[in-house]
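Following: one structure in structure tokens, then a few remarks.
In full-length UniProt numbering, the protein residues as written are 1 to 327.
Below is the structure:
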């Protein structure tokens, strides 16, 4: 997603922070500048990271206060820059600057002002200015046409199978998202874990993405995993067009069903992370996700989508990657 907002900014930062770096920890760290380090409600954190709601107005308002503006550089230098992961912190500037450059909704003057501080020497200032700007930008993903949203007619038909099937058939599978050539900011977490799994199998400490051409097996696997991820992302976005903001969120139901179906396999012992990845992917392809209404929409949920959901669960830190500490 080439759109600067709280969610995309937070996910890039999350990928290069030392642990704890789960969604809650990153949200508390970033928003602590405005909230005096009070914990943000977990439900709000989840919705912010999944682009389901805007940043609370009180936080946006406080982001413009003299206290925050004047203290932002010091806060980012002491609380964030000092705790970047030394193994991959060099990836921060390239990914954050690409996000800004690729966002067509940011004016040329604003891009110039932000990118002018995108240097290692002024990293804290760059991160602070970009974050405060991101807070004022839309975070919630737009939904599709209103006439596609689920209606009370569907709810009433849940106990009438023929009627339900007739209604569900009105919603064709959404057009597949194009897989970008370069890894997007919202892919960084699961991509980092994939590369760690490949490195673990080779018995090396780190395998950069640029080196995949030297390992045809892993390069092919990496391309398949990105295809699966975007298959799941296609469904996630299409779900909003059909079901809108209905509770429970049907993509969240799909994530829960997938997690329950693979976590026991994930918890088993494996010789290395790549073996765990392959076993979990094989399991994901076969599980049933009947509790999720999306599974009843013709051609929406298949093996690729379920495998892709696993990568989204890695992004969410519900699945803690593929390499165990003792492997």
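We put the CB at the ideal spot given by N, CA and C, even for glycine.
Please read all numbers here as calculations on a predicted model, not as lab measurements.
Taking residue i as part of the alpha helix (DSSP H), name the residues at either end of that continuous run.
i, result
"residue 304", "303-315"
"residue 70", "66-79"
"residue 278", "273-286"
"residue 136", "Segment: none, residue 136 is in no alpha helix (DSSP H) and carries neither H nor E."
"residue 232", "216-243"
"residue 267", "Counting along the chain, residue 267 falls outside any alpha helix (DSSP H), and DSSP gives it neither H nor E."
"residue 249", "No alpha helix (DSSP H) holds residue 249; DSSP gives it neither H nor E."
"residue 23", "23-35"
"residue 100", "92-102"
"residue 45", "42-49"
"residue 202", "188-202"
"residue 62", "57-62"
"residue 108", "108-115"
If you drop the 5 nearest sequence neighbours on each side, which residues of the same chain put their C-beta closer than 6 angstroms to that of residue i?
i, result
"residue 218", "198, 212"
"residue 304", "228, 231"
"residue 295", "289, 301"
"residue 265", "279, 280, 283"
"residue 123", "81"
"residue 22", "317"
"residue 183", "191"
Whose C-beta lies closer than 7 angstroms to the C-beta of residue i among residues of the same chain, with five residues either side of it excluded?
i, result
"residue 268", "none"
"residue 6", "48, 55, 134, 135, 139"
"residue 178", "none"
"residue 226", "179"
"residue 129", "114, 117"
"residue 193", "314, 321, 322"
"residue 8", "1, 99, 185, 186"
Measure the Cβ-Cβ separation of residue i and residue j and say whether it is below 8 angstroms.
i, j, result
"residue 134", "residue 4", "yes"
"residue 136", "residue 69", "no"
"residue 186", "residue 273", "no"
"residue 255", "residue 284", "no"
"residue 16", "residue 92", "yes"
"residue 237", "residue 174", "yes"
"residue 27", "residue 10", "yes"
"residue 314", "residue 190", "yes"
"residue 34", "residue 78", "no"
"residue 292", "residue 253", "yes"
"residue 258", "residue 235", "no"
Residues bridged to residue i by DSSP?
i, result
"residue 84", "17"
Say the cut is 7 angstroms; is the CB of residue i nearer than that to a heavy atom of the ligand PLP?
i, result
"residue 106", "The ligand PLP is not among the ligands present in this structure, which contains no ligands whatsoever."
Which residues in the same chain have their Cβ closer than 8 angstroms to the Cβ of residue i, if we skip the five residues on either side of it in sequence?
i, result
"residue 12", "92, 95, 96, 99, 185, 188"
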